[in-house]
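Some notes on the structure that comes next.
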Amino acid sequence: MAKRDYYEVLGVERTATQEEIKKSYRKVALKFHPDRNPGNPEAEESFKEAAEAYEVLGDQEKRARYDRYGHEGVKTAFGSGGFQWSDFHHASEMEDIFGGLFSAFFGGANPFGGGRGGPRGRDIRMRYPLTLEEAFSGTKAKVSFERREVCSPCAGSGAAAGSKPERCPRCGGSGTVRLSRGFFSVQTTCDQCGGAGTIISRPCPDCRGEGLVPRKVELTFDIPGGVDDGMSLRLRGEGEPAPQGRGERGDLYVNFQMREHDLYTREGPHIHLDLPVSITQCALGAEVRVPTLHGEQIVNVPTGTQSHTVFRLRGKGMPAGNGAFGDQFVRAIVVTPRKLNDRQRELLLALAEESQEDYHSCRKKSFFEKLKDTIVDVVS
Ligand SMILES: [Zn+2]
Ligand SMILES: [Zn+2]
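The opening position of the sequence shown corresponds to residue 16 in this note's numbering, with each subsequent residue numbered one higher.
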């Protein structure tokens with residue numbers, strides 16, 4: 016089944032404000048909430064679908080990516096199994112979205128499967144340079160980097176063999192202490208255990224009590240076609256393990272950086288190319304071969320083409336989501352011959368003689384007006 020458009024799911028226009036999106040999500044979520052539709056798996060699906068749509072449209076950055084590339088553009092925000100409740104980042108603003116209704120509605124229980132609360136391992140961020148060709152077709156990436164992993168001798172506890180982390184004597188395990196200053200009493204993080212609630216009197220020699228040790232990691236993953244400069248791919252659970260193995264692992268964020276290309280410049284889904292053409296090709300008309308990311312393309316340069324005329328090759332640009340492609344814009348740049356042999360010189364002189372009239376009349380007319388880029392659509 017084709018994935019539904021997120022705007023359609025929430026029943027809003029593509030131009031809707033964040034406030035309108037939030038409002039609509041509230042309406043849809045209330046309608047399909049499982050408590051209101053007991054034993055109705057379809058309603059439950061719709062409830063989840065609305066949350067997914069809100070997860071994307073309720074976030075400026077994800078929404079922008081979705082607007083540009085469709086579902087393909089936000090696929091990487093979720094795990095390989097698609098959107099899960101753990102991907103839902105709005106659990107905390109539910110109070111705001113549902114008003115007072117929320118807790119009564121969900122009976123006080125967290126309907127979001129625990130969410131992403133609790134201790135989490137650290138996220139890792141890295142940059143990944145991409146060529147235009149790789150970004151065009153998508154690619155298998157292989158990266159190697161250093162990541163801290165659970166120390167095996169102490170199994171992540173940080174305590175030397177035969178010992179255990181002990182309850183912090185200063186805070187009694189709570190991680191916080193009360194400090195009295197004159198009339199005031201304030202609660203602060205325990206300075207002896209740093210808030211962990213435990214202390215390690217005999218640290219593990221392998222990890223020096225940290226419970227984590229650096230390891231070299233190699234990872235391969237797929238980069239979808241169409242990614243652009245500055246976009247990130249989240250690889251869930253590929254960050255560091257949670258402290259002492261209690262809690263979720265962090266994520267790995269791969270940030271793409273586009274390398275410059277010799278021929279093409281990119282503008283979102285579109286590609287621009289300057290194509291050198293000769294005076295005679297432009298004057299007489301010619302079929303010229305034009306490189307595109309989709310392979311070579313023949314473009315018909317009509318008789319009398321001016322320099323800087325732009326030809327648009329529809330659908331010959333970058334993947335733009337949902338099977339669509341941007342366009343390639345080819346700007347014909349007339350190159351003047353640098354060196355002439357005698358014969359060429361003769362012919363050009365003859366041409367000049369013959370063209371005196373044309374040249375002057377051309378100048379009389381608004382020459383500069385003609386010089387402006389004109390776009391010619393190429394039907395292929
Ligand atoms: Zn303490
Ligand atoms: Zn250790």
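Glycine residues also receive a C-beta, built at the ideal position from the N, C-alpha and C atoms.
Can you name, in chain order, every residue of its own chain whose Cβ lies under 7 Å from the Cβ of I390, other than the five neighbours on each side?
V325 and R327
Are the CB atoms of F160 and K231 nearer to each other than 9 Å?
yes
In chain order, what residues of the same chain lie with their CB nearer than 8 Å to the CB of E70, ignoring the 5 residues before and after it?
K77, A92, F98, D102, F103, H104 and H105
Could you have a look at G88 and say whether DSSP puts it in helix, strand or coil?
helix
To the nearest angstrom, how far is the alpha carbon of E311 from that of E164?
48 Å
Report buried or exposed for V27, applying the criterion of at least 16 other Cβ atoms within 10 angstroms of its Cβ.
buried
From the DSSP output, read off the bridge partner residues of Q312.
V305
Just to confirm my understanding: we take I238, look at its own chain, exclude 5 residues before and 5 after, and list those with CB closer than 6 Å. What are they?
G153, T154 and A156
Shorter than 8 Å, the distance from the beta carbon of S178 to the closest heavy atom of ligand 2, or not?
no
Check: D221 C-beta below 8 Å from any heavy atom of ligand 2
yes
Just reading off the beta strand (DSSP E) that R230 is part of, what are its end residues?
L227 to I238
Quick check on I348: buried or exposed, where buried means 16 or more other Cβ atoms within 10 Å of its Cβ?
exposed
Nearest to R185 (by Cα), restricted to the options Q207, S172 and L288:
Q207
Heavy atoms of ligand 1 versus C-beta positions, residues under 5 Å
C183, R185, C186, C205, Q207 and C208
Between the Cα of L363 and the Cα atoms of T295, Y40 and E149, which residue gives the shortest distance?
T295
Return the chain-ordered list of same chain residues with a C-beta closer than 8 Å to the C-beta of S200, the five sequence neighbours on each side being excluded.
R193 and L194
Pull up the DSSP beta-bridge partners for P291, would you.
I348
By Cβ distance, which residues of its chain are closer than 7 Å to E35, with the 5 residues on each side in sequence left out?
V27
Buried or exposed for L1, going by 16 or more other Cβ atoms inside 10 Å?
Here the chain comprises residues numbered 16 to 395, so residue 1 is not present and cannot be evaluated.
Might you give, ordered along the chain, the residues of its own chain that have their beta carbon closer than 7 Å to the beta carbon of E181, omitting 5 neighbours on each side?
T213, I214 and S216
Taking 8 Å as the cut-off, is the C-beta of E225 nearer than that to any heavy atom in ligand 3?
Ligand 3 is absent from the structure shown, which contains only ligand 1 and ligand 2.
When you measure from the CB of S216 to every non-hydrogen atom of ligand 2, does any distance come out below 8 Å?
no
What's the gap between the Cα of F236 and the Cα of G254?
14 Å
Tell me which same chain residues have a C-beta within less than 6 Å of the C-beta of V242, skipping the five on either side of it?
A150 and F271
Residue closest to R140, alpha-carbon to alpha-carbon, out of D357, G283 and M246
M246
Note down, in chain order, each residue of its chain lying with its Cβ closer than 6 Å to the Cβ of A68, except the 5 sequence neighbours on either side.
Y21, V24 and L25
Which stretch, first to last residue, makes up the beta strand (DSSP E) that contains I390?
I390 to V393
Of all the options V292, K331 and P256, which has the alpha carbon lying nearest to the alpha carbon of T351?
V292
What do you get for D244, buried or exposed, if any count of 16 or more other CB atoms within 10 angstroms of its CB means buried?
exposed
S172, buried or exposed, once every other Cβ within 10 Å from all chains shown has been counted against 16:
buried
For a test of your reading of the model: does the CB of P256 fall under 8 Å from any non-hydrogen atom of ligand 2? Yes or no.
no
Can you list, in chain order, the residues of its chain whose CB lies under 7 Å from that of C166, leaving out five sequence neighbours each side?
C219, D221, C222, G226, L227 and V228
Looking at the secondary structure, which residues open and close the beta strand (DSSP E) in which P144 lies?
I139 to L145
Going by alpha carbons, who is nearest to P306 out of D266, L288 and H323?
L288
Nearest-angstrom Cβ-Cβ length linking R135 and A257, presumed shorter than 8 Å
6 Å
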